[in-house]
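Residue numbers (the working numbering), protein chains in the order written: chain A, 153 to 833; chain B, 69 to 169.
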């Protein structure tokens, strides 16, 4: 297909898409009153530009613009833009979700005094995220990767007067740094092996990664060679980088804390886009991974998915449940990359962006309205605690509907987008396990269990929040009518409804049961799935059991008819305490760091300060000695000379008596002396 | 014929007496008298040595010159002393300090 735009115009459009949010970031800080207008306008411009790029680039051509930025010896690093299928899909996704979240935020933070900051930071995030997506080399990607982390840090700490929020953003920042070190190491290995960081040159269809190979324990590339374990190390480094950003085990614990930020931020950054950047990175560098790294990646993804799903089962904070659900779903994506099905990862990333964003927005609506109730009734309760909720379906029907639609998509029930994407991953895992055999069958079994757990925990939330009895009136001792609880206004409802539409399968496929008719999946899928029984069998047994679980959850949480959990049992405590990772990290790791800090403090105080102090004392002694020498030797000499001159002058002065006859005598004396001298000589 | 040494001795005695007067006297006129004595001693020496120059009589001529000059100098000196006395009511040179730095 011939493009209607020239290359130059494409470049301009791409630059418009990324600079609009950046301009909004700066303008919002200057013109504070217009911050929300700038935010909305800029992201709309980005969305339009992204849409144009999408329809130009999608499945037709790839654009790559690069300008030399840094040149060091024979290595040059470009600043440039790479527009291929993956970038334009991500661009469209990011700008679309970001626009909806911007609209939602207008209402969500209407009452905040510092809302210009919010919109400015949000624009900064959009700028950085769009740049991550279209950066043409890994170095540039790394730079913007840091910037999204920074924007996330700013937004988590938006309510900077809350102590918890500050701790959470610090934690997020530090844990992300751990991952970033991994990323950086990976970059350095690639740079020294291939002498370039350009994504297209490295990993493209004719990329040099394909002409490198491992032979006799040596990793050979056209430019250099190194022992083969560096290939694994490079893979693991990128895996750690991605784990930091995408909250995978063992760097997952920042994401639940990040829920201290505004809910709209959680929905955009910590559910839909930024956390997906880790998966995006894995997709970008996926040709690099060898069998060992891929298997580890699959294991990490599997473990994270399973662990986070079990934790989500018992949390009482609605946002915490969604946070762990996000971690779990990101685990699915990492697993998909690990088993080599990149298309499924991209597809699940996109569908997840919609339904998880929607879940957060709907939860935000509940929290927002309950917050209003809290303010009007001037009472104290936790507006995020599900134990205060229940029966909201009657009061907030729109919120309940969109939440349920998103939950269905998350559970992967038929006619939803989640059905297609999650089953794509499950089928790939089954096929992968089938190819490897043996112990690899753990993967499909556990991931199926995780899938059921997902259904169970999300419907637990639904039944606790939207069904059963509303507990808040009992908590507050007030009548239901006095609380004035209803759906929020259009600013919040419309984005949620648009996202709810996007949760349905027809957005992605004409036939909601056929993965092969899914446009987003097929473009990236390199090896078509064989039409095996799996395509019938996997969705069937997952969904049948899911429906059973939904019914069970209804009776447990909505009707309170079955009580089967013992809150003192070890498995409940394990889940409730989030597998004790907090305790492990906070007590062991943090106390280790604190201990190290104390040791270095002691070292600093005793050794370094000791050296400094004793050297100071030595200097003092030397200075005293010098002082003495100065005072008595140097000054003594000078003063002595001066007093000698003084006395001499006093003596000479005595000659100048002013008496005429004295002068005459002196004259005579000198004359006679001269004469005598002349006579004697 | 009086030998030369006698002239010289008298000249030396006169000079010494003049010198003594100049150094020790507190009166400007006495100092002036001392100076006159010293001048006369030198004239005596000139005249005494003049006997060795019988052709030009340089010694005698010089002596005459000096007498005239001394008379002029005494006149000037006396005027100075008188003015000094008018101004400060004393003729002790040790008391006149107004030009002292």
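Idealized CB from N, CA, C, for every residue including glycine.
Of all the options 165(A), 438(A), 220(A), 748(A), which has the alpha carbon lying nearest to the alpha carbon of residue 348(A)?
As a position in the first chain, residue 348(A) is number 196, starting the count at 1. Here the closest residue by C-alpha is 220(A).
Residues in the region 146 to 162 of chain B with C-beta within 9 Å of chain A's C-beta atoms, listed in sequence order?
161, 162
Tell me which residues share the same chain as residue 373(A) and place their Cβ nearer than 6 Å to its Cβ, disregarding the 5 neighbours each side in the sequence.
The sequence position of residue 373(A) within the first chain is 221, counting from 1. Excluding sequence neighbours, residue 373(A) sits near 345, 346, 364.
Presumed contact (8 Å Cβ cut-off) between residue 160(B) and residue 94(B), rounded CB distance:
In the second chain, the residue the question calls residue 160(B) occupies position 92. In the second chain, the residue the question calls residue 94(B) occupies position 26. Confirmed, Cβ separation roughly 5 Å.
C-alpha gap between residue 628(A) and residue 634(A), whole angstroms
As a working mapping, residue 628(A) is identified with position 476 in the first chain. As a working mapping, residue 634(A) is identified with position 482 in the first chain. Approximately 11 Å, taken between the alpha carbons.
Against chain A, with Cβ distances strictly below 8 Å, would residue 108(B) count as a contact?
Translated into positions along the second chain, residue 108(B) becomes position 40. No, residue 108(B) lies away from the interface with chain A (no Cβ there is under 8 Å from its Cβ).
DSSP-derived helix/strand/coil call for residue 549(A):
In the first chain, residue 549(A) corresponds to position 397, counting from 1. Residue state, collapsed to three classes: helix.
Looking at C-alpha atoms only, which residue of 331(A), 401(A), 624(A), 176(A) is the closest neighbour of residue 529(A)?
As a first step, residue 529(A) must be located in the first chain, where it is residue number 377. If we check each option's Cα against that of residue 529(A), 624(A) comes out closest.
Looking at C-beta atoms only, is the number of pairs between the region 407 to 420 of chain A and the region 299 to 317 of chain A that lie closer than 8 Å three or more?
yes
Would you list the residues sitting across from residue 287(A) in a DSSP beta bridge?
The count along the first chain starts at 1 and reaches residue 287(A) at position 135. Answer is 233(A), bridged to residue 287(A).
Which full runs of the beta strand (DSSP E) of 3+ residues lie inside the region 105 to 157 of chain B, going along the chain?
none
Taking 8 Å as the threshold (beta carbon to beta carbon), is residue 111(B) in contact with chain A?
The residue labelled residue 111(B) in the question sits at position 43 within the second chain. It does not: the Cβ of residue 111(B) has no partner Cβ on chain A nearer than 8 Å.
Is there at least one Cβ from chain B nearer than 8 Å to residue 800(A)'s Cβ?
Sequence index remark: in the first chain, residue 800(A) carries index 648 (1-based). For residue 800(A), the answer is no, since every Cβ of chain B falls outside 8 Å of its Cβ.
Given that a residue counts as buried once 16 or more other Cβ atoms are within 10 Å of its Cβ, and exposed if not, what is residue 257(A)?
Position 105 of the first chain holds residue 257(A). Burial call: buried.
Sequence ranges, beta strand (DSSP E) only - wholly within the region 523 to 609 of chain A, length at least 3
none
Which residues share a DSSP beta bridge with residue 218(A)?
Along the first chain, one-based indexing puts residue 218(A) at 66. DSSP, once it has assigned bridges, lists 232(A) as partnering residue 218(A).
Looking at the unbroken beta strand (DSSP E) that takes in residue 379(A), where does it start and where does it end?
Locating residue 379(A) in the first chain gives position 227, where the first residue counts as 1. Looking at the DSSP string, the run of the beta strand (DSSP E) that includes residue 379(A) is 377 to 379.
Take residue 763(A) and list the residues in its own chain whose beta-carbon comes closer than 6 Å to its own, dropping the five residues that flank it on each side.
Position 611 of the first chain, counted from the start, is the residue given in the question as residue 763(A). If we look at residue 763(A) and ignore the five residues flanking it on each side, it has no Cβ neighbours.
So the beta strand (DSSP E) residue 491(A) belongs to, where does it begin and stop?
What you label residue 491(A) is simply residue 339 of the first chain in a count that begins at 1. Note, residue 491(A): premise wrong, no beta strand (DSSP E); not H, not E.
If you count every other CB in all the chains shown that lies within 10 Å of the CB of residue 154(B), and 16 or more means buried, which is it?
For the purposes of this step, residue 154(B) is taken as the residue at position 86 of the second chain. With fewer than 16 other Cβ atoms within 10 Å, it is exposed.
Taking all protein chains shown into account, do 16 or more other C-beta atoms lie within 10 angstroms of the C-beta of residue 517(A), making it buried, or fewer, making it exposed?
The sequence position of residue 517(A) within the first chain is 365, counting from 1. Buried: at least 16 other Cβ atoms inside 10 Å.
Do you know how far the Cα of residue 251(A) is from the Cα of residue 196(A)?
In the first chain, residue 196(A) corresponds to position 44, counting from 1. In the first chain, residue 251(A) corresponds to position 99, counting from 1. Whole-angstrom Cα-Cα distance: 6 Å.
Other residues of its chain near residue 417(A): CB distance less than 6 Å, five sequence neighbours each side excluded:
By one-based count along the first chain, residue 417(A) stands at place 265. Same-chain partners within the cutoff: 307.
Can you tell me whether residue 437(A) is helix, strand or coil according to DSSP?
As a working note, residue 437(A) is residue 285 in the first chain. Three-state result, residue 437(A): coil.
Please identify, using Cβ separations under 7 Å, the residues of the region 776 to 809 of chain A that lie next to chain B, in order along the chain.
none
Check for me: the alpha helix (DSSP H) holding residue 371(A) runs from which residue to which?
Translated into the one-based positions of the first chain, residue 371(A) becomes position 219. Where residue 371(A) is concerned, there is no enclosing alpha helix (DSSP H), although the beta strand (DSSP E) it sits in stretches over 370 to 372.
Does DSSP put residue 349(A) in a helix, a strand or coil?
Residue mapping note: residue 349(A) aligns to position 197 of the first chain, counting from 1. In the structure shown, residue 349(A) sits in coil (DSSP, three-state: anything other than H, G, I, E or B).
Given residue 327(A), which residues of its chain have a CB within under 8 Å of its CB, disregarding the five upstream and five downstream residues?
Translated into positions along the first chain, residue 327(A) becomes position 175. If we look at residue 327(A) and ignore the five residues flanking it on each side, its Cβ neighbours are 396, 403, 405, 406.
Spatial neighbours of residue 150(B) in its chain, beta-carbon cut-off 8 Å, leaving aside the 5 residues before and after:
The sequence position of residue 150(B) within the second chain is 82, counting from 1. Nothing listed; no residue qualifies.
Within-8 Å CB hit, residue 817(A) to chain B:
Taking the first chain and counting its residues from 1, one reaches residue 817(A) at position 665. By this cut-off, residue 817(A) is an interface position.
Counting only beta-carbon separations shorter than 8 Å, does residue 122(B) have a partner in chain A?
Here residue 122(B) refers to the residue found at position 54 when the second chain is read from its first residue. False, the Cβ-Cβ gap to chain A never drops below 8 Å.
Please tell me whether residue 834(A) and residue 215(A) are closer than 8 Å, where the distance is taken between their beta carbons.
With chain A covering only 153 through 833, there is no way to say anything about residue 834(A).
In angstroms, rounded to a whole number, what distance separates the CA positions of residue 165(B) and residue 807(A)?
By one-based count along the second chain, residue 165(B) stands at place 97. By one-based count along the first chain, residue 807(A) stands at place 655. Answer to the nearest angstrom: the Cα atoms are 15 Å apart.
Under DSSP, the beta strand (DSSP E) around residue 367(A) begins and ends at which residues?
As a first step, residue 367(A) is located in the first chain; it is residue number 215 there, counting from the start. Start and end: 365 to 367.
Alpha helix (DSSP H) containing residue 88(B): first to last residue?
Counting from one through the second chain, the residue named residue 88(B) turns up at place 20. Residue 88(B) -> alpha helix (DSSP H) spans 72 to 92.
Given a cut-off of 8 Å on the beta-carbon distance, is the pair residue 398(A) and residue 282(A) in contact?
Taking the first residue of the first chain as position 1, residue 398(A) is located at position 246. Taking the first residue of the first chain as position 1, residue 282(A) is located at position 130. No.
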